[in-house]
Amino acid sequence: MFGNLFEEEESEGFSSASPKERAAKGTDEPPPPRGRSHLCGIKNQGGTCYLNSLLQTLLFTPEFREELFRLGPQELGCLEDKDKPEAKVRVIPLQLQRLFTRLLLVDQQCASTTDLTDSFGWNSSQQDVQELNRILFSALEHSLVGTSGSTFIHRLYHGTIVNSIVCKECGNISQRQEDFLDLTVCVCGVSSLEEALWNMFVEEEMFEGTNLYCCARCDRLVTAAKSAKLKKLPPFMTMSLLRFSFDFSKLERYKETGRYSFPLTINLRPFCEQTDGDDTDFTYDLFSVIIHKGGCYGGHYHVYIKDIDELGRWEPPEVKEVCEPKLTFAVHQESPKSVLIDQLGQKLMDKIGSSWSKKFRRQYGPIGKFLHSHSDVFMLVSNGTRVALKANPPNLLEVWDFYVSFFFLTVHPPVCQQGSHWFDLNDSTVTSIRESDIEKQFQGKESAYMLFYRKTQLFRPTLNNPLYKVPSQLIQMAQDENIQLQQKREQFEASNNTVELQLHLAPFYRLDNGALQPISTEPSGITALSFDRRKTVGDLRLTIYQMQELWEGDMALTVAKSLPAGLHLYNTLTADDVSLYSVGIHTNSDLFVWNGREVRKGFLFFFPLVDFNLTSWMSFRFVVRRSRREPSGNRSLFLCTLQLFLLYTVGSAPSAGMEMDIIVEKTCTVKECLKAMLDAVGLDGTCWHLRRLDWCEEVGEPLMDEDAPLSALKIASGETLVVTEGLLPPKVSGQLYSDHCSVVTFNYFCFSFSGIS
1 MFGNLFEEEE
11 SEGFSSASPK
21 ERAAKGTDEP
31 PPPRGRSHLC
41 GIKNQGGTCY
51 LNSLLQTLLF
61 TPEFREELFR
71 LGPQELGCLE
81 DKDKPEAKVR
91 VIPLQLQRLF
101 TRLLLVDQQC
111 ASTTDLTDSF
121 GWNSSQQDVQ
131 ELNRILFSAL
141 EHSLVGTSGS
151 TFIHRLYHGT
161 IVNSIVCKEC
171 GNISQRQEDF
181 LDLTVCVCGV
191 SSLEEALWNM
201 FVEEEMFEGT
211 NLYCCARCDR
221 LVTAAKSAKL
231 KKLPPFMTMS
241 LLRFSFDFSK
251 LERYKETGRY
261 SFPLTINLRP
271 FCEQTDGDDT
281 DFTYDLFSVI
291 IHKGGCYGGH
301 YHVYIKDIDE
311 LGRWEPPEVK
321 EVCEPKLTFA
331 VHQESPKSVL
341 IDQLGQKLMD
351 KIGSSWSKKF
361 RRQYGPIGKF
371 LHSHSDVFML
381 VSNGTRVALK
391 ANPPNLLEVW
401 DFYVSFFFLT
411 VHPPVCQQGS
421 HWFDLNDSTV
431 TSIRESDIEK
441 QFQGKESAYM
451 LFYRKTQLFR
461 PTLNNPLYKV
471 PSQLIQMAQD
481 ENIQLQQKRE
491 QFEASNNTVE
501 LQLHLAPFYR
511 LDNGALQPIS
521 TEPSGITALS
531 FDRRKTVGDL
541 RLTIYQMQEL
551 WEGDMALTVA
561 KSLPAGLHLY
571 NTLTADDVSL
581 YSVGIHTNSD
591 LFVWNGREVR
601 KGFLFFFPLV
611 DFNLTSWMSF
621 RFVVRRSRRE
631 PSGNRSLFLC
641 TLQLFLLYTV
651 GSAPSAGMEM
661 DIIVEKTCTV
671 KECLKAMLDA
681 VGLDGTCWHL
691 RRLDWCEEVG
701 EPLMDEDAPL
711 SALKIASGET
721 LVVTEGLLPP
731 KVSGQLYSDH
741 CSVVTFNYFC
751 FSFSGIS
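Taking the UniProt record's numbering, the leading residue of the sequence shown gets 1, the next gets one more, and so forth.
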């Protein structure tokens, strides 16, 4: 909207949210509530950070805010009547009132300035924040002509400078007054604000030599002295720093980045024409610093603001230096010394019950950016999909637990800062800062650009009261918007956490050859249920009890999956106080409802998924020899221990019931398996590769070594592969597999099969 002069760079890294989660949120996700500071930021429309910084400064100027709220509908009109030709509606102050009300009272992380900028008619122009300050005041004054607020900007910000020239011959004084709303002070060649003011209002400029002054009384060129003084001091003093200069030798602009200090409290008595009176008449306190980060041709603005009315909740910023574990690591890329980044996010979720995006993203950025910035501890491998530690720890997840707990979860007791509370308002983000942090903006590419001072003698009648002086109709508007936001958030959370479950009822199943088969081909034994995954297993069990009025005895809920051989059971949900989300229940999950012991007098044994990690695997050699005799007679077709039953889909993660199946040899290579799948679906060409599904059933890592046997990659029966379009990246290193080996090593469960020779 305002061009690209102040465009910001996109933050690097990546989000830990899955594509399904991002798609589920869509554009209907309501704005999040305010953060821990209880203050509201302003949304960046695209290069409007300078506007946001100035608007926040005006909001936190109590006298400006209250003067604006003092104007009622009788003087300003109503926005509903703005399209009526006979109505006099002052749109700019009305939109500014609404924006300030939302920033004070509406429970949202950030507000929008679209309505306000539309009222100004800004569609394509871009402004500097110092220029914008003057334009905004001019537009507001023009809009308030004829109202009781037509002079309030003049009363708050208007000051006067008197310029004097004294003739050294006759003593004649020639004076000229100059009005100002802000003072423009020099940065080049000076080291502080006080030094710049001293040069402006104390030092004299001499007219002498070839540069003489024409005195009206002497009627000739004479020696004279020119000086300036502050004649009238406004309640609020705005200092605009001339950070940008022009290099005439290079014919280009540049930014002054040298050290330029400014005080938190300043006494302007030495710079005034009249010096009589108390010090409080000349003393000002700093309450806002607009900061520019970048160069002459691009950058970003944010603002440090002193919370005069204590509207926010200030917390001491964390001291990151004491939280850094001093770990020195060496590179390891092989499992189990590397972990999928999704697993780190899940580990954090399991530990504190909140995701990275909700808990830490606002302060530390995306999880990928955090890992990059702590490269002394973490390293990204496998094209950035896995993270490893630069060491040889016994368990990466244990170290991650320690690091997250130590770095993030250390609870500091509230500490009250002595003095005033300051916040950094950076577009939609609001964070607490210490007063000492202002000194960091004295120099560098990120440095102070505008300073706002307030007279020390100004008194505040109330603290910690955002409703103070806000008109009743605007309070009602804010209350209505809060009710609507709360309803939208509840609806969104309910929709986002509702999962569709398939309940398989035991009375409609029988045990046949070790597998559960439906008694009838009719789908009467499957019941669909929509349920909130934030609720507990006990809540789900109670709901099913209420649905099945004729159910008697115990009820067990077991995670199931439909396979070609029948319904296969995994682990039973036993903890009633655990949420469905925590136990991994998602949309289209199958649950078998039974008594936990038998199905139609047939005792059922199953192997829980959680126990697979505790299973001892047996490794033995299987020697393949050519049989001297060919078997004779009729043979039955079955899946032997040297074959794999695989599910696969083409192009994307599988939907329920959309997978295709194939039986291949365990010694089959990835390339041979891919070709068999392509032949089965009638596809050809070489621009295809296989990928596995990750822990959250999203398309995961590609199978890079196409010559590797499936058994070497630990691909098991029942696993789902995804045929994905595109060539694999070229190999850097690989493992040689010999087609002439007669000895192959396999990993097996120790099972016994009867009737197989």
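C-beta atoms are modelled at their ideal positions from N, C-alpha and C, and glycine is treated no differently.
{"query": "Under a three-way DSSP split, which group does Thr724 fall into?", "result": "strand"}
{"query": "Pairing CB atoms from the region 419-436 with CB atoms from the region 32-41, are three or more of them under 8 Å?", "result": "yes"}
{"query": "Do Leu563 and Leu573 have their beta-carbon atoms positioned less than 8 Å apart in this structure?", "result": "no"}
{"query": "Does the distance between the C-beta of Asp285 and the nearest non-hydrogen atom of the ligand COA fall short of 7 Å?", "result": "This structure simply doesn't include the ligand COA, nor any ligand for that matter."}
{"query": "Please classify His504: does DSSP put it in a helix, a strand, or coil?", "result": "strand"}
{"query": "Return the CA-CA distance between Lys666 and Leu713, expressed in angstroms with no decimal places.", "result": "10 Å"}
{"query": "Name the one or two DSSP bridge partners that Cys110 has.", "result": "Gly41"}
{"query": "Relative to the alpha-carbon of Leu344, which residue among His302, Glu315 and Ala388 has its alpha-carbon at the smallest distance?", "result": "Ala388"}
{"query": "Just mark Glu552 as buried or exposed, buried being the case when its beta carbon has 16 or more other beta carbons within 10 Å.", "result": "exposed"}
{"query": "Check for me: the alpha helix (DSSP H) holding Met677 runs from which residue to which?", "result": "Val670 to Val681"}
{"query": "Find out if the Cβ-Cβ distance for the pair Lys231, Thr160 is shorter than 8 Å.", "result": "yes"}
{"query": "On the criterion of 16 or more Cβ atoms from any shown chain inside 10 Å, does Val722 qualify as buried, or is it exposed?", "result": "buried"}
{"query": "Report yes or no: do the region 442-456 and the region 258-275 share at least 3 C-beta pairs separated by less than 8 Å?", "result": "yes"}
{"query": "Does Asn163 come out as helix, strand or coil in the three-state DSSP assignment?", "result": "strand"}
{"query": "Would you check if the region 244-256 and the region 160-180 touch, i.e. whether three or more CB-CB distances between them fall below 8 Å?", "result": "no"}
{"query": "Return the chain-ordered list of same chain residues with a C-beta closer than 8 Å to the C-beta of Thr238, the five sequence neighbours on each side being excluded.", "result": "Asn133, Tyr157, Leu181, Asp182, Leu183, Met450, Leu451, Phe452 and Tyr453"}
{"query": "Is Gly312 close to chain C, meaning its C-beta is less than 8 Å from at least one C-beta of that chain?", "result": "No chain C appears in the structure shown, which is made up of a single protein chain."}
{"query": "For the candidate residues Arg34, Gly47 and His142, whose alpha-carbon lies nearest to that of His292?", "result": "Gly47"}
{"query": "Do Asn497 and Asp554 have their C-beta atoms within less than 8 Å of each other?", "result": "no"}
{"query": "Could you check what DSSP says for Val415 in three-state terms: helix, strand or coil?", "result": "Per-residue confidence for Val415 stands at a pLDDT of 43, beneath the threshold of 50, marking its modelled position as unreliable; no derived number is given."}
{"query": "Going by the beta-carbon positions, is the gap between Tyr284 and Ile266 smaller than 8 Å?", "result": "yes"}
{"query": "Using the beta-carbon count (16 or more within 10 Å), is Leu251 buried or exposed?", "result": "exposed"}
{"query": "Check Tyr648 in the structure and name its three-state DSSP category.", "result": "strand"}
{"query": "By Cβ distance below 7 Å, which residues in the same chain neighbour Gln95 in space, the five residues on each side in sequence not counted?", "result": "Asp115, Leu116 and Ser119"}
{"query": "Look at the Cβ atom of Thr61, then the Cβ atom of Phe236, and state whether they are nearer than 8 Å.", "result": "yes"}
{"query": "Determine which residues share a DSSP beta bridge with Glu665 and list them.", "result": "Gln643"}
{"query": "Kindly confirm or deny that the region 509-521 and the region 529-549 touch, where touching means at least three C-beta pairs closer than 8 Å.", "result": "no"}
{"query": "Could you pull out every residue in the same chain whose Cβ sits closer than 6 Å to the Cβ of Leu103, ignoring the five residues on either side in sequence?", "result": "Cys40, Leu59 and Ala111"}
{"query": "Judging by CA-CA distance, which residue of Thr669, Pro466 and Asp679 is the nearest neighbour of Asp661?", "result": "Asp679"}
{"query": "Please name the residue or residues paired with Asn426 in a DSSP beta bridge.", "result": "Thr429"}
{"query": "Just to confirm, are Phe262 and Ser192 a CB contact at a threshold of 8 Å?", "result": "yes"}
{"query": "Report yes or no: do the region 461-472 and the region 270-281 share at least 3 C-beta pairs separated by less than 8 Å?", "result": "no"}
{"query": "Ignore the nearest five residues each way along the sequence and tell me which others in Val89's own chain have a CB closer than 6 Å to its CB.", "result": "Gly77, Asp81 and Lys82"}
{"query": "Identify the continuous alpha helix (DSSP H) that holds His421 and give its terminal residues.", "result": "Per DSSP, His421 belongs to no alpha helix (DSSP H) and is neither H nor E."}
{"query": "Just to confirm the assignment, what range does the alpha helix (DSSP H) spanning Ser143 have?", "result": "Val129 to Ser143"}
{"query": "Can you grab the Cα-Cα spacing for the pair Tyr648 / Glu522, in whole Å?", "result": "27 Å"}
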